[in-house]
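What follows is a set of notes on a single structure, which appears directly below.
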């Protein structure tokens with residue numbers, strides 16, 4: 002109890018201090034502050050302790066206090082301060098009620114709830130200008146995008162069955178949609194960073210975030226820019242390699258979310274390949290590609306389209322189920338050879354459904370070494386595709402070094418995979 006009372010007083014004083022500081026610029030006095038809020042919190046806490054079972058006294062006190070706030074604001078609502086704003090706003094009674102409720106929360110619930118509630122309220126109060134500026138910068142399309150993310154995660158996912166719908170695969174509809182949610186989350190974070198973080202719109206930051214979103218799409222964009230503008234070739238070549246280095250980390254992270262033991266087996270080769278990609282990127286950017294007699298530009302990446310479109314989500318889900326069925330069939334008919342062959346084939350498209358299918362147990366009974374080798378082969382196959390894109394869209398010479406680096410990483414990945422499997 003003493004700890005709860007101390008927490009109550011400390012948090013209510015902190016809340017009152019932030020409240021008074023925020024409204025210090027206006028001449029009219031608002032109800033609340035460093036004296037009022039601790040008293041309100043004490044009153045709320047004591048009334049709660051009178052009847053902890055039915056909280057009748059606490060509820061009665063809240064009703065009386067609410068009635069006083071209504072009467073007060075009925076009197077002062079029309080007043081204006083020197084800035085022309087109304088003398089009162091909804092935030093003021095809300096903070097007063099929060100101070101009153103804080104007393105009961107600090108005494109009845111775990112301390113982290115009271116601390117979280119208070120800190121969040123203070124941040125929302127003091128961040129008014131920043132939050133209003135943010136709301137002004139975000140257009141309606143971004144709100145729709147966030148709504149689509151909530152649909153994918155909060156509506157569709159809980160409604161899907163968690164039992165296999167066919168004996169051809171052990172993957173359930175919820176597994177498939179959960180895989181979609183995880184991949185979409187990685188892509189959405191990259192999308193937001195590229196759109197609202199100025200540094201992410203160009204240079205190697207752009208390439209790194211592109212690898213988090215789609216290393217294949219990033220390779221195509223950078224190869225085209227390298228062909229169109231020789232001044233950006235150093236950035237473009239290093240960026241292509243960097244995007245692939247980030248891809249290895251992304252695959253490892255996604256695998257770890259669903260299958261930590263598999264990720265542990267996969268960690269060493271993936272990190273090694275990623276470090277090799279980082280090293281090659283550094284050489285391309287700071288050593289081999291640097292020219293003292295020619296000014297270098299900076300590559301720019303146009304913000305990618307919305308990664309959460311429901312049409313794209315449906316396509317991913319269908320691909321995931323299809324890959325799961327093909328993986329099960331290839332494993333039964335051809336064993337490990339069939340899995341490796343399928344891994345090489347899916348590498349020329351989207352490897353995420355294949356990797357996630359393996360991570361979620363889509364091939365029961367298959368050894369971890371075989372799964373690791375299959376993922377490495379799929380990533381290597383995708384690297385070969387990106388090397389072809391880099392050579393084709395840049396006309397060969399502009400990004401030849403990056404294409405060669407991708408082929409080298411692909412060969413290393415295949416060699417490591419077979420070494421692990423055998």
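Residue numbers (our numbering): 2 to 423.
Glycine is no exception: its CB is placed at the ideal position from the N, C-alpha and C atoms.
- For the options 245, 347, 419, 178, the alpha carbon positioned closest to that of residue 211 is the one of 245.
- When the five nearest sequence neighbours on each side are left out, the beta carbons in the same chain lying within less than 8 angstroms of the beta carbon of residue 378 are those of 341, 344, 345, 348, 414, 415, 418, in order along the chain.
- Here residue 362 carries a coil assignment [DSSP, helix/strand/coil].
- Per the Cβ contact rule, the stretch 40 to 53 is in contact with the stretch 100 to 109 (3 or more Cβ pairs under 8 angstroms).
- Residue 236 and residue 286 have their C-alpha atoms some 7 angstroms from each other.
- Residue burial is scored here from C-beta neighbours: residue 332 has at least 16 other C-beta atoms within 10 angstroms and is therefore classed as buried.
- Around the beta-carbon of residue 170, 16 or more other beta-carbon atoms lie within 10 Å, marking it buried.
- Look at the beta carbons and you see the stretch 134 to 142 not touching the stretch 113 to 121: under three pairs across the two are nearer than 8 angstroms.
- Following the DSSP letters along the chain, one finds residue 97 inside the alpha helix (DSSP H) bounded by residues 92 to 109.
- Inter-residue distance for residue 373 and residue 272 is about 13 angstroms (C-alpha atoms, whole angstroms).
- Going by C-alpha positions, residue 267 is about 9 angstroms away from residue 370.
- Taking 8 angstroms as the cut-off, the beta carbon of residue 219 is found no closer than this to the beta carbon of residue 403.
- Residue burial is scored here from C-beta neighbours: residue 322 has at least 16 other C-beta atoms within 10 angstroms and is therefore classed as buried.
- Residues 379, 380, 383 of the same chain have their beta carbon placed closer than 7 angstroms to that of residue 352, with the five preceding and five following residues left out of the count.
- In the structure shown, residue 56 adopts coil according to DSSP, grouped into three states.
- Membership of residue 124 in the alpha helix (DSSP H) is indicated by the continuous run 112 to 127.
- Residue 192 and residue 412 have their C-alpha atoms roughly 31 angstroms apart.
- Residue environment analysis places residue 141 among the exposed positions, since fewer than 16 neighbouring C-beta atoms fall within 10 angstroms of its C-beta.
- In this structure, residue 317 lies near residue 354, with their beta-carbon atoms less than 8 angstroms apart.
- Leaving aside the five residues that flank residue 375 on each side, the residues in its chain whose CB is nearer than 7 angstroms to its CB run, in chain order, 340, 341, 344, 359.
- By the neighbour-count criterion, in which 16 or more other beta carbons inside 10 Å mark a residue as buried, residue 159 falls on the exposed side.
- As the crow flies, the alpha-carbon of residue 260 is around 20 angstroms from that of residue 188.
- Nearest neighbour of residue 423 by Cα position, chosen from 59, 14, 226, 337, turns out to be 337.
- Taken through DSSP and simplified to helix, strand or coil, residue 22 comes out as helix.
- Beyond the five residues adjoining it in sequence on each side, residue 326 comes within less than 7 angstroms, by CB distance, of 169, 170 in the same chain, given in chain order.
- Judged by DSSP in its simplified three-state form, residue 165 adopts coil rather than helix or strand.
- Residues 13, 16, 17, 100 of the same chain have their beta carbon placed closer than 6 angstroms to that of residue 38, with the five preceding and five following residues left out of the count.
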